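Enquirer: Let me give you the structure first, and then I'll get to my questions.
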Amino acid sequence: MSKPGKETDMANESEAAKKHADLPAWYHRIKKKSEDWNPEFDCRSDYFEPSDFDEDISELEEEDEDSFQCRRCDAEGDLEAGCECYLEYDSDDISEPYDGPDAAEYYRLKERREERKQELKEEREAEEEDKRKTLKLHKQHVDEVRAACEALAKGTNTQDADGPPIDLFKYFPWGPFWLWDGKTTTERRHRGVTYDLYSVDYVEHCYQYDVYLYWKYIEFGEWDEAFDEEQSHTGESRKRKAHSADAASTGKKEETIESRVYVSPDHDMCFKDISAPERASLKTYRLETWDGEEEVETQFVGQDFLRMFVRRDIVEANADDPVPDSAPEVFEFVGVVSESSKEIAKRSAKSRETYKAQEAQKAHKVHKGGRKNKKARRR
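Residue numbering for the sequence shown follows our numbering, beginning at 910 and increasing consecutively.
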């Protein structure tokens, strides 16, 4: 026959075990991680990471009722017609104070979990604010370019009609470009212009914290054919390399320019050459990659403005996350030549001119000194 004291102890142990079993699922999941943690060899200060709580922090989950799934009985569907666990059980916490044998550990983890909730909430709010500011900036530039399009449309009768003259490389002078063919180094001259890209469509539907690393810019460039010819006549030129053989331009309408879009840190779109536009218009230029697998369309609508249209499937192929169904079939981007890039080009051109003047001055002194030495020897 059991003694009354022993029966009481067993009853207390049973009650404690029941209370322990009723602790929320998140506690058991986190506590289980302590089994593989050795404080002597593990560099972590605790057996869990703050991110371990993210899996079931219910306050921050944005589940709609149609996709509801109970974590306790796995019931799915409408909350009112299916599972009723929520009436008697809160998967987030226990309703009564807990005084079991591991109460101290439970409340310690609960405090850490609350801290993680607050941290995630602040991160989400910061991301929403950053998206709002980014969207505002992109909208500002999109509106600016659309206004240029509207002004252009009013001044022309048809979509392909010419508007004011434009010079893509107006602010960007020729610069030296050295090519190595494995045997000799050859100088060529090249110049290019970069349009920073903005898109309300992309920010609204594909926003992420590093959105500024995607679809950053489109650039155009041309090679100085006249310089190549001059070098050839003096015997200082060589056969052009294959990858740039078709990329030269003198800026004339019948000549061509090369182009490239920075899509992501891992991918660029390099396009076949197109005719260099001489006037702003709503005419569409089709840019096709050399392998023919990707393409975009552009309109040069002003001296510093362009529009670019990209199919949704191309955007999605270069996105980290799936593009939502609400996204348009064609994404609109606008390109703007920034004032800072113009200023940098201006300073660079000035530096080159200063360098040339200094080199000419040195050469003149050397030549003059040589003439003096000759006269001295004659005497």
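A virtual CB, placed ideally from N, CA and C, is assigned to each residue, including glycine. Quick caveat, the model's predicted, so the values are computed rather than measured.
1. Could you work out which residue in M1178, D1008 and D1052 is closest to T1198 when comparing CA atoms only?
2. Taking the straight line between their C-alpha atoms, what separation do you get for G1009 and K940?
3. Enumerated in chain order, which unbroken segments of the alpha helix (DSSP H) with a length of 4 residues or greater are wholly contained in the region 1217-1266?
4. Between Q1184 and I1166, what straight-line distance do the alpha-carbon atoms span, to the nearest angstrom?
5. Is the distance from the Cβ of L1061 to the Cβ of V1210 below 9 angstroms?
6. Nearest to K1063 by CA position, among L1029, Q1267 and A1189, is which residue?
7. What does the Cβ neighbour count give for L1360, buried or exposed, with the cut at 16 atoms within 10 Å?
8. What whole-angstrom Cβ distance do E1204 and R1195 have, given they're in contact under 8 angstroms?
9. Using the Cα positions of S1257 and F1240, report the straight-line distance between them to the nearest angstrom.
10. With DSSP run on the structure shown, which of helix, strand or coil describes L1215?
11. Within the continuous beta strand (DSSP E) that includes D1182, where are the two ends?
12. Could you pull out every unbroken alpha helix (DSSP H) segment of at least 4 residues lying fully inside the region 1007-1086, listed in chain order?
13. Decide if Y1111 is buried, meaning its Cβ has at least 16 other Cβ atoms within 10 Å, or exposed.
14. Would you grab the beta carbon distance between Q1208 and T1193 for me? Rounded to a whole angstrom, and I think it's under 8 angstroms.
15. Roughly how many angstroms lie between the CA atoms of H1050 and E1014, to the nearest whole one?
16. Quick one: what does DSSP say K932 is sitting in, helix, strand or coil?
17. Name the residue from D1011, S1249, S1168 and V1120 whose alpha carbon lies nearest to the alpha carbon of H1099.
18. Nearest-angstrom Cα distance between V1170 and Y1126?
19. Quick check on DSSP: helix, strand or coil for D1291?
20. Evaluate L1018 with the Cβ neighbour count: other Cβ atoms within 10 Å of its Cβ, from every protein chain shown; 16 or more gives buried, anything less gives exposed.
21. Please identify the residue among A1266, A1254, E1262 and G1244 whose C-alpha is closest to the C-alpha of E1128.
22. How long is the line joining the alpha carbons of D961 and K1026, rounded to whole angstroms?
Expert: The short version:
1. M1178
2. 15 angstroms
3. 1221-1226
4. It should be pointed out that residue 1184 corresponds to Ser in this sequence rather than to Gln. Roughly 6 angstroms between the two C-alpha positions.
5. yes
6. A1189
7. In the structure as shown, the chain begins at 910 and stops at 1288. Residue 1360 is therefore absent and cannot be evaluated.
8. 6 angstroms
9. 35 angstroms
10. strand
11. H1176 to S1184
12. 1012-1064
13. buried
14. 6 angstroms
15. 54 angstroms
16. In the sequence as presented, Lys is not what sits at residue 932; that position holds Leu. Note: L932 maps to coil in three-state DSSP.
17. S1168
18. 6 angstroms
19. In the structure as shown, the chain begins at 910 and stops at 1288. Residue 1291 is therefore absent and cannot be evaluated.
20. buried
21. G1244
22. 12 angstroms
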